[in-house]
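Number of protein chains: 2
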Amino acid sequence: MTESLSPERMAAWRAYIETSQRLFTQLEDDLRAASELSFADYHVLVLLSEAPGQRLRMGELASRLVFSPSRLTYQISTMQRRGLVARESCPGDRRGSEAVLTATGLLALREAAPHHLASVRHHLMDDLDDAEVACLTRVFTRLGTRLRAARDASTTSRQE
Amino acid sequence: MTESLSPERMAAWRAYIETSQRLFTQLEDDLRAASELSFADYHVLVLLSEAPGQRLRMGELASRLVFSPSRLTYQISTMQRRGLVARESCPGDRRGSEAVLTATGLLALREAAPHHLASVRHHLMDDLDDAEVACLTRVFTRLGTRLRAARDASTTSRQE
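The listed protein sequences correspond, in order, to chains A and B.
Numbered according to numbering that gives the first Met the number 0, the first sequence spans residues 0 to 159.
Numbered according to numbering that gives the first Met the number 0, the second sequence spans residues 0 to 159.
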């Protein structure tokens with residue numbers, strides 16, 4: 000069975016993957032030029048700032064970031080050393096632990112956000128018309144839901 | 000000046016960035032399960048297999064992959080140790096060097112490709128209708144051209 004893609008779909012895939020990698024590199028370069036944060040640091044700060052109590056269990060954070068446990072431990076340790084996050088035991092569950100946003104972390108996010116969003120606008124969003132914006136939202140929201148469900152199922156059943 | 004995004008555009012950006020990172024992690028997990036290759040290895044093999052004489056100058060390869068010179072040197076060294084690529088001096092330019100696809104590299108690519116493309120179909124492409132495929136091609140081809148031009152200009156003029 001050949002699992003090839005039609006020429007139209009192969010062209011879409013190549014354009015999407017190559018441009019996305021180029022875009023993420025550009026956004027990360029811009030972010031590092033304007034702040035002390037990597038893309039992963041920024042993403043962690045955003046997720047914690049939006050969470051109730053500005054804290055998330057490590058397992059939940061790993062799942063949201065699609066990081067392995069060891070990669071997340073490393074990521075959070077480097078952020079902890081810079082004072083951007085703290086790590087605390089979960090109330091009522093001494094085995095679990097949570098990452099908690101610090102004031103330093105919140106200030107770093109607030110300082111970096113305008114630069115980062117300007118870069119997102121400049122390199123991506125200002126180039127799109129409303130129909131294209133709607134198409135991206137529709138495609139990637141649907142796909143994200145499906146990928147999360149598949150991953151949760153495979154983690155639970157270990158069938159994959 | 001606030002460089003914020005409209006709620007519609009912020010929703011599109013978040014769906015795109017979060018789902019893309021999730022998708023790339025899933026595709027890399029699938030690739031590693033079916034082969035000895037990382038996503039970066041695979042991408043290098045594809046670019047070399049498509050180049051005239053199955054070889055590319057290191058600078059050109061770095062630019063196509065959007066890798067820094069040091070990251071590319073590391074990437075190519077690890078592939079060289081596994082026999083997937085060779086490194087040779089450029090004919091007529093002793094200072095330059097090229098990465099060259101080996102037979103082992105080509106066989107590894109041919110063996111991995113059907114699994115990788117099946118995974119791209121399963122996780123992304125089979126979920127899209129033709130209008131969505133056309134939208135992705137249009138948006139990411141246009142954006143890729145713009146990002147390459149901006150990067151080339153900034154590398155040349157060093158104004159960024």
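Even for Gly, the Cβ is constructed at its ideal location relative to N, Cα and C.
Contacting residues, own chain, Cβ-Cβ under 7 Å from residue i (five flanking each side not counted)
i, result
"residue 78 of chain B", "40, 43 and 84"
"residue 140 of chain A", "none"
"residue 0 of chain A", "Note that residue 0 of chain A scores a pLDDT of 38, beneath 50, so its modelled location is shaky; the value from the coordinates is reported in the next line. Taken in chain order, the list of residues that qualify is empty."
Sub-8 Å separation of residue i and residue j beta-carbons
i, j, result
"residue 56 of chain B", "residue 99 of chain B", "no"
"residue 126 of chain B", "residue 4 of chain A", "no"
"residue 146 of chain A", "residue 122 of chain B", "yes"
"residue 131 of chain A", "residue 134 of chain B", "yes"
"residue 72 of chain A", "residue 11 of chain B", "no"
"residue 38 of chain A", "residue 22 of chain A", "no"
"residue 107 of chain A", "residue 34 of chain A", "yes"
"residue 61 of chain A", "residue 51 of chain A", "no"
Identified DSSP bridge partners for residue i
i, result
"residue 87 of chain A", "A:97"
"residue 55 of chain B", "B:98"
"residue 92 of chain B", "B:89"
Nonlocal neighbours in the same chain, by C-beta distance under 8 Å from residue i, ignoring five residues either side
i, result
"residue 95 of chain B", "56, 57, 58, 88 and 89"
"residue 14 of chain B", "none"
"residue 18 of chain A", "none"
"residue 199 of chain A", "Lying before the first or after the last residue shown, residue 199 of chain A is absent from chain A, which here runs from 0 to 159."
"residue 105 of chain A", "44, 48 and 53"
Expected contact under 8 Å - CB spacing of residue i and residue j to nearest Å
i, j, result
"residue 36 of chain B", "residue 111 of chain B", "5 Å"
"residue 63 of chain B", "residue 47 of chain B", "Actually they do not touch by this definition, with Cβ atoms about 10 Å apart."
"residue 75 of chain A", "residue 86 of chain A", "6 Å"
"residue 20 of chain B", "residue 119 of chain A", "About 14 Å separates the two Cβ atoms, so there is no contact after all."
Beta carbon proximity, residue i to chain C, threshold 8 Å
i, result
"residue 84 of chain A", "Absent from the structure: chain C. Protein chains present are A and B."
Same chain, Cβ closer than 6 Å to residue i, five either side skipped, listed in chain order
i, result
"residue 70 of chain B", "none"
"residue 115 of chain A", "30"
Cβ-heavy atom distance, residue i to the ligand SAM, below 7 Å
i, result
"residue 6 of chain A", "Looking for the ligand SAM in the displayed structure turns up nothing, as the structure carries no ligands at all."
Residues from the region 20-34 of chain B in contact with chain A, defined by Cβ distance under 7 Å
Within the region 20-34 of chain B, contact with chain A at the beta-carbon level (separation under 7 Å) is assigned to 20, 21, 22, 24 and 25.
Which residues, in order along the region 109-131 of chain A, keep a beta-carbon less than 7 Å from a beta-carbon of chain B?
Residues passing the 7 Å Cβ filter: 113, 116, 117, 119, 120, 122, 123, 124, 126, 127 and 131.
Using a Cβ-Cβ cut-off of less than 8 Å, list which residues of the region 134-145 of chain A approach chain B; keep chain order.
Along the region 134-145 of chain A, the positions whose C-beta sits under 8 Å from a C-beta of chain B are 134, 135, 136, 137, 138, 139, 140, 141, 142, 143 and 145, read in chain order.
Output needed in chain order: residues of the region 39-57 of chain A with a Cβ under 7 Å from some Cβ in chain B.
Per Cβ criterion, the list is empty.
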